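Here the structure is laid out as structure tokens; the discussion comes afterwards.
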Amino acid sequence: MTDIDVTTAHPAPPGASVIVPAHNEAAMIGPCLRAVLESDHDGPVQCVVVANGCTDDTVAKARAKAADFAARGWEFEVLDLPEGGKPGALNAGDAAALHPVRIYLDADVEISPALMGGLVTMLDRPDAAYASGRVTIPRARTWVTRAYARFYRQVPFMTHGVPGCGLFAVNAAGRARWGDWPGIISDDTFARLNFAPQERHGVDAPYSWPLVEGWDALVRVRRRQNAGVDELARSHPALMANDDKPRFGPGAVLAAALKAPAGFAVYGAVALAVRATRNRATGWSRGR
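Heads up, the numbering used here is the position in the sequence shown plus 42, with the first residue counted as 1.
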């Protein structure tokens, strides 16, 4: 009887490095890391929180989770960068990352228990690949954001393909498509459009991605999002060929408006306000 090499027959999944940029996220970093810790995934995991330019106690609240990560046998590190800025935080996180699968996670996102394992399984392939989960928008505190969300859930960006807002992951071959993160506004769009639509994979496990609260924050963040896409089109025009977002035609807009008339009014008003103030500065900000 020939012995079977179990390691060869059932190779272990690749390790995953979870990179969490965090700028003044003291209120959110605890729930974010707790959700990571509650993952069903049993493979090797490293979590790197990259606090950048924080003036609150984000660092202390993140480091308070160190014992919980150690109890799971997972590596954990908190980097405290004096300067703010997400591209710098992403580069620092990548420099510290040990594993081939990279999961980039916003500090206000909470993943479901099945998501991390699903991402690792999906990305365990030799060809370049990008993956994300099924985004859900939790109930907002303010009525204006609740209304905006009811319409926003229906726009093509949210209903088509793999949006990857707040959470996306790549394998080693995918991450090799670029070097350092460029100093641009829309890092998530940059990453997504480095992959053709057929290279972007959805995992049917949810994660919670909150919208910013209130009128001023919605306008500020929407202005930043628009500026980020425009900047990417100027700085990396070849990537725009990978944008497969369908047109939001009049018929689709009408159907969505009928389902959420108040949301349509708020969404349209935000768009008009952004257009009227499009020349204002758009620094990196989550809007809270």
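Each residue gets a CB set at the ideal place from its N, CA and C atoms; glycine is no exception. Computed from a predicted model, the values in this text were never measured in an experiment.
Compare the Cα-Cα distances from residue i to each of the options and report the closest residue.
| i | options | result |
| --- | --- | --- |
| residue 56 | 293, 283 and 160 | 160 |
| residue 308 | 73, 104 and 186 | 186 |
| residue 122 | 103, 113 and 110 | 103 |
| residue 59 | 116, 124, 72 and 141 | 141 |
| residue 174 | 230, 296 and 190 | 230 |
| residue 268 | 189, 292, 243 and 226 | 226 |
| residue 211 | 113, 234 and 133 | 234 |
| residue 313 | 275, 257, 132 and 209 | 257 |
| residue 206 | 117, 145 and 107 | 145 |
| residue 214 | 189, 133 and 165 | 165 |
| residue 190 | 259, 86, 292 and 304 | 304 |
| residue 134 | 295, 259 and 89 | 89 |
| residue 177 | 188, 201, 162 and 54 | 201 |
| residue 188 | 290, 306 and 218 | 306 |
| residue 197 | 293, 85 and 53 | 293 |
| residue 158 | 139, 290 and 85 | 85 |
| residue 162 | 54, 290 and 295 | 54 |
Alpha carbon to alpha carbon, what distance is there between residue j and residue i?
| i | j | result |
| --- | --- | --- |
| residue 310 | residue 69 | 30 Å |
| residue 264 | residue 254 | 10 Å |
| residue 83 | residue 171 | 20 Å |
| residue 249 | residue 271 | 24 Å |
| residue 246 | residue 279 | 31 Å |
| residue 143 | residue 224 | 20 Å |
| residue 283 | residue 136 | 26 Å |
| residue 252 | residue 181 | 8 Å |
| residue 297 | residue 199 | 16 Å |
| residue 193 | residue 115 | 42 Å |
| residue 97 | residue 113 | 29 Å |
| residue 221 | residue 128 | 15 Å |
| residue 277 | residue 109 | 43 Å |
| residue 209 | residue 299 | 28 Å |
| residue 168 | residue 302 | 43 Å |
| residue 327 | residue 71 | Residue placement at residue 327 cannot be trusted, given a pLDDT of 48 that sits under 50; the coordinates are not used to answer. |
| residue 87 | residue 66 | 25 Å |
| residue 244 | residue 317 | 32 Å |
| residue 132 | residue 107 | 21 Å |
Quick one: what's got a C-beta closer than 7 Å to residue i's C-beta in the same chain, skipping five residues either side?
| i | result |
| --- | --- |
| residue 381 | Because residue 381 is not part of the residues shown, which for the chain are 43 to 330, the question remains open. |
| residue 195 | 179 |
| residue 183 | 255 |
| residue 130 | 94 and 123 |
| residue 216 | 170, 171, 172 and 237 |
| residue 80 | 155 |
| residue 120 | 91, 93, 101, 104 and 105 |
| residue 152 | 73, 74, 77, 249 and 250 |
| residue 46 | With a pLDDT of 39 at residue 46, under the threshold of 50, the predicted position of this residue should be treated as unreliable, and no value is reported. |
| residue 99 | 68 |
| residue 241 | 170, 171 and 172 |
| residue 219 | 170 and 236 |
Excluding five sequence neighbours on each side, which residues of the same chain lie with their C-beta closer than 6 Å to the C-beta of residue i?
| i | result |
| --- | --- |
| residue 62 | 91, 147 and 149 |
| residue 315 | 261 |
What residue range does the alpha helix (DSSP H) around residue i cover?
| i | result |
| --- | --- |
| residue 209 | Run containing residue 209: none in the alpha helix (DSSP H); it sits in the beta strand (DSSP E), 209 to 212. |
| residue 23 | Nothing in the structure corresponds to residue 23, since the chain is present only between 43 and 330. |
| residue 263 | 257 to 277 |
| residue 63 | No alpha helix (DSSP H) contains residue 63, which is instead part of the beta strand (DSSP E) from 58 to 64. |
| residue 319 | Residue 319 -> no alpha helix (DSSP H), and no H or E assigned at all. |
| residue 193 | 185 to 194 |
| residue 159 | 157 to 164 |
| residue 151 | Careful: residue 151 lies outside any alpha helix (DSSP H) and carries neither H nor E. |
| residue 147 | No alpha helix (DSSP H) contains residue 147, which is instead part of the beta strand (DSSP E) from 143 to 147. |
| residue 136 | 128 to 138 |
| residue 281 | Element bounds for residue 281: n/a, residue is neither H nor E. |
Could you spell out the range, first to last residue, of the beta strand (DSSP E) harbouring residue i?
| i | result |
| --- | --- |
| residue 92 | 87 to 94 |
| residue 175 | 172 to 178 |
| residue 118 | 117 to 123 |
Can you find the residues in the same chain that come closer than 8 Å, C-beta to C-beta, to residue i, ignoring five residues on each side of it along the sequence?
| i | result |
| --- | --- |
| residue 319 | 261 and 265 |
| residue 125 | 94 and 95 |
| residue 281 | 232, 235, 236 and 274 |
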